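What follows is a single structure, written as structure tokens, with notes after it.
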Ligand code: GAL
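Numbering (the working numbering), first residue to last: 60 to 449.
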């Protein structure tokens, strides 16, 4: 009897570590792609998702690093089928999700989908609670590469337990799927989700506004403020997610879009474009594909910037990069332009002389052995990369 018990315990111990883990190494740098929610909400369908995939490739966004096409809320039929399985809305996705995933894969992209840890999604479609293992299997069978998992209608569920169940279900299904927790920062996922998912939202929903402060429609300045102090929790394969990009959406000026993009790159944020790619202007494309900014986001060291200084209307964010480089972002979040004076002697973490690269001018603008003055317009940034003079 005792022997049988011992071998049962040994069996359990051997089985648990295998199940209780996420797929490692799927997001060594912050995931990049396009998601349907910020512009289209639930008004999505197969042809438009395919068109977005086409544009991601043709526009050069794919070459710049955008890899995932993520279908957000609203793809499901209102009921599960008679076997209890999730099925797509037959009108919006007449050929099913596998065919759509195949199309996205044929473009050299990866396919993502949204669902929810609660009983229903935020828009009333069937959620995953109690169906985690069968849902994970169906996602795997469709060829899903990325799952964004929401937190509406969760009742009294415990967040860590619930998301861990889905993590285990994904692992058991056997297909490597990036697991994106969308729990809005409610229960501080940065403190517990490192072994659960590859990224976790830190706030409620962003909106295309510079400084709105609603609980469900937060402007970029407000979302940014909520990231202060979270840098210690981010790193390769486990990222803070300050929500998707509003770059190019109507509520932001071009300057604000540029600031938004720069700051999200500083935060090592997942870069999920959320604009209507069919309407994208060359200027917006230029922002989204600034490879020097993207290189800051995707830097292999995986450090998130910290807020070095915050004065009224002025913020300075600093990100350590690999090879001894540093990225520095001066952000004018006020109404008036100002002159930023820089005396590099005050930046005591620097060691020697560095060249200063202006990431938006794509030009070297000096070296750190002199003092500088830069004019920064309202809602604009100065984004610099410092590289040590060898
Ligand atoms: C929210 C989530 C959004 C979007 C939406 C869909 O909870 O934060 O990003 O996914 O649900 O209903």
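Ideal placement from N, C-alpha and C gives every residue a C-beta, glycine not left out. Note that the structure is a prediction, hence the values are computed from the model and not measured.
With a cut-off of 8 Å on the beta carbons, I'd call residue i and residue j a contact; round off their distance for me.
i           : j           : result
residue 252 : residue 222 : 7 Å
residue 422 : residue 258 : Wrong, their Cβ atoms sit about 33 Å apart, outside the cutoff.
residue 197 : residue 151 : Their Cβ separation, rounded to whole angstroms, is 17 Å, which puts residue 197 and residue 151 out of contact at 8 Å.
residue 394 : residue 379 : Rounded, the Cβ-Cβ distance is 31 Å, inconsistent with contact.
residue 225 : residue 263 : With 8 Å as the limit, residue 225 and residue 263 do not qualify as a contact, their Cβ atoms being about 21 Å apart.
residue 455 : residue 159 : Outside the displayed range of the chain (60 to 449) lies residue 455, so it cannot be described from this structure.
residue 136 : residue 195 : In fact, because the Cβ distance is near 19 Å, the residues do not count as touching under 8 Å.
residue 116 : residue 172 : Between residue 172 and residue 116 the Cβ distance is about 20 Å, and since that is not below 8 Å, they are no contact.
residue 180 : residue 209 : 6 Å
residue 164 : residue 202 : 6 Å
residue 376 : residue 443 : With a Cβ gap of about 11 Å, residue 376 and residue 443 do not count as contacting.
residue 337 : residue 110 : 7 Å
Where DSSP assigns a beta bridge to residue i, which residues make up the other side?
i           : result
residue 400 : 432
residue 128 : 93 and 170
residue 294 : 297
residue 239 : 207 and 258
residue 285 : Partner(s): none; residue 285 has no beta bridge.
residue 444 : 386 and 416
residue 391 : 373
residue 451 : For the chain, the structure presents residues 60 to 449; residue 451 sits outside this window and is missing.
residue 379 : 385
residue 27  : Examination of residue 27 is not possible in this model, given that the chain is present from 60 through 449 alone.
residue 135 : 147
residue 216 : None, per the DSSP bridge assignment.
residue 272 : 277
residue 330 : 91
residue 107 : According to DSSP, which records beta bridges pairwise, residue 107 is partnered with nothing at all.
Heavy atom of ligand 1 less than 7 Å from the Cβ of residue i, yes or no?
i           : result
residue 243 : yes
residue 180 : yes
residue 268 : no
residue 211 : yes
residue 298 : no
residue 131 : yes
residue 264 : yes
residue 323 : no
residue 190 : no
residue 96  : yes
residue 438 : no
residue 319 : no
residue 173 : yes
For residue i, is the classification buried or exposed, using 16 other Cβ atoms within 10 angstroms of its Cβ as the cut-off for buried?
i           : result
residue 286 : buried
residue 76  : The predicted model places residue 76 with a pLDDT of 45, which falls under 50 and marks its position as unreliable; any figure quoted below should be read in that light. Under this definition residue 76 is an exposed residue.
residue 74  : With a pLDDT of only 48 at residue 74, under the threshold of 50, the placement of this residue in the model should not be trusted; the figure read from the coordinates follows. Result: exposed.
residue 291 : exposed
residue 256 : buried
residue 318 : buried
residue 309 : exposed
residue 242 : buried
residue 349 : buried
residue 396 : exposed
residue 315 : buried
residue 368 : exposed
residue 434 : exposed
residue 364 : buried
residue 238 : buried
residue 191 : buried
residue 450 : The structure shown has nothing for residue 450, since the chain only spans 60 to 449.
residue 299 : buried
residue 217 : exposed
residue 141 : exposed
residue 143 : exposed
residue 408 : exposed
Tell me, please, whether the CB atom of residue i is closer than 8 Å to any CB atom in chain B?
i           : result
residue 122 : Annotation note: the requested chain B is absent from the structure, which comprises a single protein chain.
My parser needs the alpha helix (DSSP H) runs of 4 or more residues fully inside the region 138-197; what are they? 155-165
Give the list of continuous beta strand (DSSP E) stretches no shorter than 3 residues that lie fully inside the region 337-366. none
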